[in-house]
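Asks: Protein sequence lines, in the order shown, are assigned to chains A and B. Residues 1 to 675 (the UniProt record's numbering) make up the first sequence, in order. Residues 1 to 675 (the UniProt record's numbering) make up the second sequence, in order. All C-beta atoms in this analysis are idealised placements derived from N, C-alpha and C, irrespective of residue type, glycine included. Below you will find the structure I want to go over with you.
Protein chains: 2
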Amino acid sequence: MGTEASSDDGHHRLRASSASSRHLHGVGGASAAEVNLSARRPFAEKLWSELAETFFPDDPFRGFGALPPARRAWSALKYFVPALDWAPRYGLAKFKYDLLAGITIASLAIPQGISYARLANLPPIIGLYSSFVPPLLYAVFGSSNNLAVGTVAAASLLLASIIETEVTADENPQLYMQLFYTAAFFTGLFQTALGVFRLGLIVDFLSRSTITGFMGGTAMIIILQQFKGLLGMKHFTTKTDIISVLHSTYHYRHEVQCELPVQFHHWKWQSAVLGICFLLFLLSSKHLRKKLPKLFWVSAIAPFMVVVIGGVFAFLVKGDEHGIPIVGDLKKGLNPLSISQLTFQSRHMKTAVKAGLLSGILALAEGIAVGRSLAMVKNEQIDGNKEMIAFGIMNIAGSFTSCYLTTGPFSKSAVNFHAGCKTPMSNVVMSVCIMLVLLFLAPLFKYTPLVALSSIIVVAMIGLIKVKEFCHLYKVDKFDFCICMVAFLGVVFFTMVTGLSASVGLSVVRALLYVARPTTCKLGNIAGSETFRDVKQYPQAKSIPGILLLQLGSPIYFINAGYLRERILRWVEDEDSLCKSIGHDLQYVILDLGGVTSVDNSGVGMLLEVHKSLERRGITIALTNPRLEVTEKLVLSGYVRDILGDEWVFLTVKDAITACRYALQMSRSKGEDEV
Amino acid sequence: MGTEASSDDGHHRLRASSASSRHLHGVGGASAAEVNLSARRPFAEKLWSELAETFFPDDPFRGFGALPPARRAWSALKYFVPALDWAPRYGLAKFKYDLLAGITIASLAIPQGISYARLANLPPIIGLYSSFVPPLLYAVFGSSNNLAVGTVAAASLLLASIIETEVTADENPQLYMQLFYTAAFFTGLFQTALGVFRLGLIVDFLSRSTITGFMGGTAMIIILQQFKGLLGMKHFTTKTDIISVLHSTYHYRHEVQCELPVQFHHWKWQSAVLGICFLLFLLSSKHLRKKLPKLFWVSAIAPFMVVVIGGVFAFLVKGDEHGIPIVGDLKKGLNPLSISQLTFQSRHMKTAVKAGLLSGILALAEGIAVGRSLAMVKNEQIDGNKEMIAFGIMNIAGSFTSCYLTTGPFSKSAVNFHAGCKTPMSNVVMSVCIMLVLLFLAPLFKYTPLVALSSIIVVAMIGLIKVKEFCHLYKVDKFDFCICMVAFLGVVFFTMVTGLSASVGLSVVRALLYVARPTTCKLGNIAGSETFRDVKQYPQAKSIPGILLLQLGSPIYFINAGYLRERILRWVEDEDSLCKSIGHDLQYVILDLGGVTSVDNSGVGMLLEVHKSLERRGITIALTNPRLEVTEKLVLSGYVRDILGDEWVFLTVKDAITACRYALQMSRSKGEDEV
């Protein structure tokens with residue numbers, strides 16, 4: 001095989017004795033160049049291979065078969081509990097890195113935990129609780145070495161916006177919190193179920209464009225929500241859309257202005273100035289990171305510094321009495337059990353389930369995408385379905401221990417990655433740090449100014465509005481841009497759920513449209529070669545008089561069978577009138593099925609109809625290069641054997657053309673003889 | 001072009017000066033063999049061509065552009081009103097055929113109209129009304145020469161089953177009828193809208209398997225419904241599922257038995273005997289048609305004969321007094337206007353809209369499928385979207401003139417076709433016949449025994465349970481068989497809507513699964529040729545050491561991008577360990593994109609990720625034969641130009657292999673030099 005591929009095509013050449021005998025393929029020696037029409041896999045094998053491809057596309061148990069039973073069980077256990085895999089080989093060398101990374105992400109986890117809990121209108125301490133238990137569990141069950149577990153802004157706001165349709169935090173804080181725990185429980189159940197039943201493909205339905213638009217829109221409305229904190233306001237809307245928020249910002253300013261004109265201005269002024277200072281500091285630390293990537297740790301601990309500096313400042317100037325609202329009391333102590341607080345009353349359950357499923361999908365999409373993209377840099381593998389189980393376990397356990405929804409957020413995981421983490425141990429380190437904070441330092445965070453949290457959120461969110469990505473999408477694919485914009489505008493102007501579902505709906509419609517209208521093209525011969533290509537793409541490609549060569553792409557299903565029939569007949573008509581204009585008859589239509597990956601009952605029926613229709617016009621049909629699955633169906637349905645004839649199925653386009661030409665010449669010379 | 005395609009591949013051969021310079025393509029003279037990377041259509045052109053393919057797949061206005069404006073307007077008018085096209089050329093020669101066909105289908109329309117109206121629990125006269133106005137309109141606007149318009153069994157039962165959830169015919173016959181008219185009105189609006197907006201592709205979502213199963217199931221429950229007529233029962237369930245119907249049949253027999261034991265037995269006995277006679281007669285006429293296709297007219301007029309004989313018999317023996325229930329009074333006179341009876345109260349509207357849309361889709365699917373399959377035999381063309389408008393107009397007008405839903409039913413159209421109809425004029429003839437019946441003969445049908453109608457329905461329905469087709473599906477495609485069975489069992493055991501929607505849902509899930517899990521395969525060289533084929537399908541195909549050749553099929557979207565990335569990396573890993581075991585390194589991966597008809601933003605991102613991932617392993621990637629649309633996206637996104645390099649895109653697999661081999665040899669000889 002070290003030499004050039006031989007261009008001897010002796011095997012391909014026809015041994016047709018006569019066109020009318022229709023026995024166009026040779027018998028002996030030509031097997032290499034024929035379509036294997038007897039290839040038929042048993043049903044069980046086919047079903048198994050299809051199920052395996054659908055549900056185990058990453059084939060996690062590859063290579064287990066060769067092991068002895070005990071080793072196999074151990075491998076399977078290691079597959080489900082990855083900690084068993086890395087822990088025995090864990091040593092001080094790795095721990096140094098993980099310790100550093102763990103402390104760094106802990107410094108980020110404290111301000112983020114408090115901020116996002118406030119974003120969800122939850123007591124701030126819940127944010128810290130949520131950074132304690134789930135990371136420990138992820139360290140045991142998770143397969144990503146880079147993911148740092150914690151709460152996320154988008155899902156926090158989504159949960160709040162759904163649960164507030166049932167009850168607001170002001171009306172009944174106890175029930176409000178219970179619904180968050182219950183939602184986290186359902187999220188966990190749902191994620192585990194998806195993982196166990198290998199349904200990771202549901203997450204695939206969130207396309208990049210949808211996620212880009214959704215994240216951008218969410219970041220936008222989260223920033224808008226921060227008006228409350230930045231302007232030191234007390235009353236605010238529970239809605240998330242831009243119009244409600246702007247209206248609320250304006251309306252309550254006015255209202256408060258009337259009642260307490262002077263104090264309001266004081267509040268606003270102090271909070272706003274402090275906010276601007278924090279924003280400038282955070283933005284410049286972020287800018288620094290871009291300029292000098294080695295100083296990433298500055299931007300990593302900047303939020304923590306903002307919290308500390310803000311807290312000290314607020315403590316010194318007694319901020320809460322001078323227009324700088326603070327977080328307020330934080331109780332010392334570890335997570336209390338919340339298992340008894342899960343509420344399964346049918347009245348509230350619907351909301352909790354809805355919130356749980358939607359935020360669960362979102363959290364999965366973010367967590368898995370982050371895990372995968374970081375793993376790719378290190379050339380590691382992430383098993384999406386196993387990750388789902390890990391997320392699910394951590395959320396179920398979280399819902400029992402006063403935590404709300406957690407996943408692997410992008411910002412924290414990236415910091416973890418850059419800080420040099422080696423294993424999930426960094427999550428354990430973070431968890432221990434948070435534990436220490438909860439046990440001893442929590443009350444100190446009482447003085448954290450709300451405006452500090454708001455600025456942290458704003459800066460974290462600005463990076464998520466990816467204007468460049470929008471432009472790129474517009475340039476490359478207008479439809480993807482639409483999908484992205486639907487998500488963005490839907491979130492900004494309506495609700496998060498509306499934006500997300502409209503965008504997913506549009507993506508699915510587009511995918512179905514692609515399936516419904518597959519590309520077909522006429523092939524021509526590229527001069528001086530045996531290559532046949534789309535004449536539209538390669539205008540120099542020449543067609544062969546009397547023979548129409550069509551390439552069908554994509555599977556043939558019920559959805560597109562009708563269209564393909566019309567389209568093929570239209571090609572035939574066009575070609576026919578073209579042929580007639582130069583004094584030929586169209587006599588052969590060759591369908592190149594190389595791009596048809598599968599065919600269903602309607603598809604076979606379509607081929608049959610086209611065949612009959614062409615037969616009535618005196619045109620002969622030939623098929624080339626059907627794939628394995630297509631060949632099976634065509635043979636089983638009797639189309640190839642009983643109607644078309646085996647001899648009209650060819651391995652290559654060239655073979656088909658040769659056969660057609662031979663038959664053409666035979667019939668022409670016969671015609672001349674008769675004349 | 002009359003000679004063999006030259007096998008000179010000089011243009012393909014590489015002129016690489018050095019592998020490290022990566023300038024692998026030749027410059028001059030080789031343009032014919034290169035992928036045209038500058039091919040980029042303007043956005044407007046691309047959008048237009050995509051919209052045209054999506055909504056005008058049959059390109060109805062083809063060739064209009066060349067005409068002068070006046071002729072063009074006339075052509076357009078003729079397109080919308082096909083009668084203008086055929087009427088001027090219509091003469092006595094054609095009329096002879098249409099007259100015969102029209103009388104034949106009228107003889108079928110009378111018993112079918114009465115039967116199906118009774119199936120829908122409507123007064124029998126409505127069935128005759130529905131065979132008068134709609135055919136006239138179809139003759140003007142319809143484009144099929146073979147379709148015979150009338151009511152259909154499946155849609156009649158569907159309408160009844162939906163409307164009876166709101167009100168039953170016994171409770172409020174007036175409202176019940178009004179809802180039928182209103183439903184027909186919405187059906188018409190919906191069908192017209194679908195046609196105008198060229199949304200015919202919605203009908204494509206009803207796959208052959210779904211329709212086969214649904215029709216079979218419906219036929220089954222319709223036959224079960226006939227127990228009422230065949231056994232001469234008065235009380236019956238309004239539900240359609242097999243369990244309710246059997247239970248009702250048993251239950252009411254028992255009840256009536258207790259109250260009127262003797263009379264009941266008399267009734268049952270007479271009706272049943274008469275029914276069996278009719279059934280035998282109809283079945284044997286059908287059998288005759290199969291044996292002697294020329295005598296099709298016997299089976300065509302057999303139902304009419306059953307009605308006449310039954311009527312005469314019932315009249316003579318005073319059947320209604322002796323256990324043979326009859327149809328009862330039929331009023332003389334043409335359709336009264338019903339436009340004032342349409343009810344748009346929000347209370348009932350929802351039901352009417354639901355009934356209208358569902359039965360409308362079903363009616364369209366049947367009408368268009370029938371029209372197409374009959375047209376195909378005569379080699380005519382049917383424009384699905386135009387047909388929808390014709391159906392829509394005829395249903396709207398029907399709803400104004402006391403008609404309920406009509407379409408082109410299979411049985412009647414087939415009879416029309418076999419009777420030799422030439423144009424839609426046969427519908428006019430039928431319409432005139434029905435008019436005469438309505439004006440003069442209607443009262444005569446008063447004596448038609450219900451059992452005669454039941455036997456007509458049973459025989460018509462038996463043919464719709466296509467056991468052979470079920471077996472065929474089971475043999476060819478197990479999944480299609482499942483889809484079919486879901487429809488069948490759903491209809492039989494639950495409701496018609498359940499069966500239909502479950503089956504459509506399953507079909508769509510399957511289509512999405514196919515999109516989500518496209519086939520990939522490893523290609524190998526078929527010995528003695530330049531052909532590369534799936535090694536699984538052609539075990540004799542040999543792979544090339546150090547080079548992995550993968551073929552991707554189907555479009556690359558967000559739905560399958562994640563899967564394809566995993567799958568490609570898995571192929572690479574498998575091949576890598578295979579290569580290592582024989583002492584090679586895997587150095588090149590060639591992706592054959594010939595089967596990839598389109599790619600979206602996620603797809604391009606996937607290629608980029610795979611590229612980076614392979615680069616980190618020291619593996620070079622090459623693409624072959626990207627199609628027009630894919631090339632555009634790859635170039636626009638910057639992947640080809642900035643990351644991959646133009647020189648790694650090849651026109652054919654052979655070119656790519658040659659280039660890789662050349663580079664391999666260069667690096668090996670370089671390595672040897674260094675040693």
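Can you tell me the Cα-Cα spacing of LEU405 (chain B) and LYS239 (chain A), whole angstroms?
Replies: Here residue 405 (chain B) refers to the residue found at position 405 when the second sequence is read from its first residue. Here residue 239 (chain A) refers to the residue found at position 239 when the first sequence is read from its first residue. Whole-angstrom Cα-Cα distance: 46 Å.
Asks: Please classify ASP98 (chain A): is it buried, with 16 or more other beta-carbons within 10 angstroms of its beta-carbon, or exposed?
Replies: As a working note, residue 98 (chain A) is residue 98 in the first sequence. Under this definition ASP98 (chain A) is a buried residue.
Asks: Starting from ARG208 (chain A) and walking both ways along the beta strand (DSSP E), at which residues does that stretch end?
Replies: Here residue 208 (chain A) is taken as the residue at index 208 of the first sequence, counted from 1. From DSSP, ARG208 (chain A) is part of no beta strand (DSSP E) but of the alpha helix (DSSP H) over 208-225.
Asks: Quick one: is PRO518 (chain A) near chain B, going by C-beta distance under 7 Å?
Replies: What you label residue 518 (chain A) is simply residue 518 of the first sequence in a count that begins at 1. It does; some Cβ of chain B falls within 7 Å.
Asks: Below 9 Å between beta carbons is the criterion; list the residues of the region 421-452 of chain B that meet it against any residue of chain A, in chain order.
Replies: Against chain A - using a Cβ distance shorter than 9 Å - the region 421-452 of chain B contributes no residues.
Asks: Mind pulling the chain B residues with CB within less than 7 Å of ASP477 (chain A)?
Replies: Along the first sequence, read from residue 1 onward, the residue named residue 477 (chain A) stands at position 477. Within 7 Å Cβ-Cβ: ASP600, ASN601, LYS633.
Asks: Quick one: residues in its chain with C-beta nearer than 6 Å to the C-beta of GLN665 (chain B), no 5 flanking neighbours on either side, listed in chain order?
Replies: As a working mapping, residue 665 (chain B) is identified with position 665 in the second sequence. The answer is none, since no qualifying residue turns up.
Asks: Compare the C-beta of GLN112 (chain A) against all C-beta atoms of chain B and say whether one is closer than 7 Å.
Replies: For the purposes of this step, residue 112 (chain A) is taken as residue 112 along the first sequence, with counting starting at 1. It does not; no Cβ of chain B falls within 7 Å.
Asks: Please state whether the Cβ-Cβ distance between CYS403 (chain B) and SER598 (chain B) is less than 7 Å.
Replies: As a first step, residue 403 (chain B) must be located in the second sequence, where it is residue number 403. As a first step, residue 598 (chain B) must be located in the second sequence, where it is residue number 598. Contact flag unset, no.
Asks: Taking Cβ positions, are CYS482 (chain A) and THR212 (chain A) nearer each other than 7 Å?
Replies: The sequence position of residue 482 (chain A) within the first sequence is 482, counting from 1. The sequence position of residue 212 (chain A) within the first sequence is 212, counting from 1. Cβ atoms of CYS482 (chain A) and THR212 (chain A): not closer than 7 Å.
Asks: Taking only the alpha-carbon atoms, compute the straight-line gap between CYS277 (chain B) and ALA153 (chain B) and give it to the nearest angstrom.
Replies: Against the second sequence, residue 277 (chain B) aligns to sequence position 277. Against the second sequence, residue 153 (chain B) aligns to sequence position 153. C-alpha separation (whole angstroms): 23 Å.
Asks: Buried or exposed for VAL196 (chain B), going by 16 or more other Cβ atoms inside 10 Å?
Replies: Position 196 of the second sequence, counted from the first residue, corresponds to residue 196 (chain B). Exposed: under 16 other Cβ atoms inside 10 Å.
Asks: Ends of the alpha helix (DSSP H) at GLN178 (chain B)?
Replies: Within the second sequence, residue 178 (chain B) is the residue found at index 178, counting from 1. Where GLN178 (chain B) is concerned, the enclosing alpha helix (DSSP H) stretches over 173-196.
Asks: Please list the partners that GLN537 (chain A) has in chain B, where partner means a Cβ-to-Cβ separation under 8 Å.
Replies: One-based indexing of the first sequence puts residue 537 (chain A) at position 537. Those are ASN36, ALA39, ARG627, LEU628, THR631, listed as they occur along chain B.
Asks: Give me the Cα-Cα distance between LEU464 (chain B) and ILE221 (chain B), rounded to the nearest whole angstrom.
Replies: For the purposes of this step, residue 464 (chain B) is taken as residue 464 along the second sequence, with counting starting at 1. For the purposes of this step, residue 221 (chain B) is taken as residue 221 along the second sequence, with counting starting at 1. Taking the straight line joining both Cα atoms gives about 12 Å.
Asks: How about VAL497 (chain A): is its C-beta nearer than 7 Å to some C-beta of chain B?
Replies: The sequence position of residue 497 (chain A) within the first sequence is 497, counting from 1. VAL497 (chain A) does not count as touching chain B.
Asks: Go ahead and pull the three-state DSSP assignment for PHE313 (chain A).
Replies: Within the first sequence, residue 313 (chain A) is the residue found at index 313, counting from 1. In this structure, PHE313 (chain A) counts as helix in the three-state DSSP scheme.
Asks: Which runs of the alpha helix (DSSP H), 4 residues or longer, sit entirely within the region 271-337 of chain B?
Replies: Listed in chain order, they are 296-317.
Asks: List, from N- to C-terminal side, the alpha helix (DSSP H) runs of 4 residues or more that fit wholly inside the region 581-618 of chain A.
Replies: DSSP runs (the alpha helix (DSSP H)) wholly in the region 581-618 of chain A: 601-616.
Asks: Using a Cβ-Cβ cutoff of 8 Å, what residues of the region 606-628 of chain B are near chain A? List them in chain order.
Replies: The residues in question are GLU609, LYS612, SER613, ARG616, ARG617, ASN625, ARG627, LEU628.
Asks: Can you list the residues of chain B that ILE462 (chain A) reaches, using a CB-CB cut of under 7 Å?
Replies: Counted from its first residue, the first sequence places residue 462 (chain A) at position 462. What ILE462 (chain A) touches in chain B: nothing, since even the nearest Cβ is about 23 Å away.
Asks: Buried or exposed: GLY142 (chain B), going by 16 or more other Cβ atoms within 10 Å of its Cβ?
Replies: If you number the second sequence from 1, residue 142 (chain B) lands on position 142. GLY142 (chain B) is buried by the Cβ-count criterion.
Asks: In three-state terms, what does DSSP make of LEU342 (chain A)?
Replies: The residue labelled residue 342 (chain A) in the question sits at position 342 within the first sequence. Coil.
Asks: Check whether chain A comes within 7 Å of GLU255 (chain B), counting only Cβ atoms and requiring the distance to be less than that.
Replies: Position 255 of the second sequence holds residue 255 (chain B). Caution is warranted here: a pLDDT of 48 is assigned to GLU255 (chain B), below 50, making its placement in the model unreliable, and no coordinate value can be reported.
Asks: Where does CYS660 (chain B) fall in DSSP's three states?
Replies: As a first step, residue 660 (chain B) is located in the second sequence; it is residue number 660 there, counting from the start. CYS660 (chain B): helix per DSSP, three-state reduction.
Asks: Note down, in chain order, each residue of its chain lying with its Cβ closer than 6 Å to the Cβ of SER207 (chain B), except the 5 sequence neighbours on either side.
Replies: Position 207 of the second sequence, counted from the start, is the residue given in the question as residue 207 (chain B). Around SER207 (chain B): SER507.
Asks: Can you tell me the Cα-Cα spacing of GLU575 (chain B) and MET435 (chain A), whole angstroms?
Replies: As a working mapping, residue 575 (chain B) is identified with position 575 in the second sequence. As a working mapping, residue 435 (chain A) is identified with position 435 in the first sequence. Spanning the two alpha carbons is a distance of roughly 47 Å.
Asks: Does PRO42 (chain B) come within less than 7 Å of chain A when only Cβ atoms are used?
Replies: Walking along the second sequence from the start, residue 42 (chain B) turns up at place 42. So, not an interface residue.
Asks: Do PHE227 (chain A) and THR210 (chain A) count as a contact pair if the criterion is CB distance below 7 Å?
Replies: Counting from 1 along the first sequence, the entry for residue 210 (chain A) is found at position 210. Counting from 1 along the first sequence, the entry for residue 227 (chain A) is found at position 227. No, the pair does not count as a contact, with Cβ atoms beyond the cut-off.
Asks: Using CA coordinates, which residue listed in A:LYS536, A:MET496, A:LEU651 is at the minimum distance from GLU34 (chain A)?
Replies: Mapped onto the first sequence, residue 34 (chain A) falls at position 34. The candidate whose alpha carbon is nearest that of GLU34 (chain A) is A:LEU651.
Asks: At the level of alpha carbons, what is the spacing between GLU279 (chain A) and VAL308 (chain A)?
Replies: Stepping through the first sequence from its first residue, residue 279 (chain A) is reached at position 279. Stepping through the first sequence from its first residue, residue 308 (chain A) is reached at position 308. For the sequence presented, residue 279 (chain A) should be read as Leu rather than Glu. Computed Cα separation, rounded: 15 Å.
Asks: Check whether chain A comes within 7 Å of ALA352 (chain B), counting only Cβ atoms and requiring the distance to be less than that.
Replies: Against the second sequence, residue 352 (chain B) aligns to sequence position 352. Cβ-Cβ to chain A under 7 Å: no for ALA352 (chain B).
Asks: Under a three-way DSSP split, which group does ASN121 (chain B) fall into?
Replies: Mapped onto the second sequence, residue 121 (chain B) falls at position 121. Correct three-state label for ASN121 (chain B): coil.
Asks: Does the count of Cβ pairs from the region 631-641 of chain B and the region 597-617 of chain B closer than 8 Å reach three?
Replies: Flag = yes, the region 631-641 of chain B and the region 597-617 of chain B touch.
Asks: Would PHE141 (chain B) pass as an interface residue toward chain A - the criterion being a Cβ-Cβ separation below 7 Å?
Replies: Your numbering for residue 141 (chain B) matches position 141 in the second sequence. No, PHE141 (chain B) lies away from the interface with chain A (no Cβ there is under 7 Å from its Cβ).
Asks: Going by CA-CA distance only, name the one from B:ILE657, B:GLU387, B:VAL486, B:SER75 that's closest to GLY501 (chain B).
Replies: Residue mapping note: residue 501 (chain B) aligns to position 501 of the second sequence, counting from 1. According to the sequence shown, residue 501 (chain B) is Ser rather than Gly. Nearest C-alpha to SER501 (chain B): B:VAL486.
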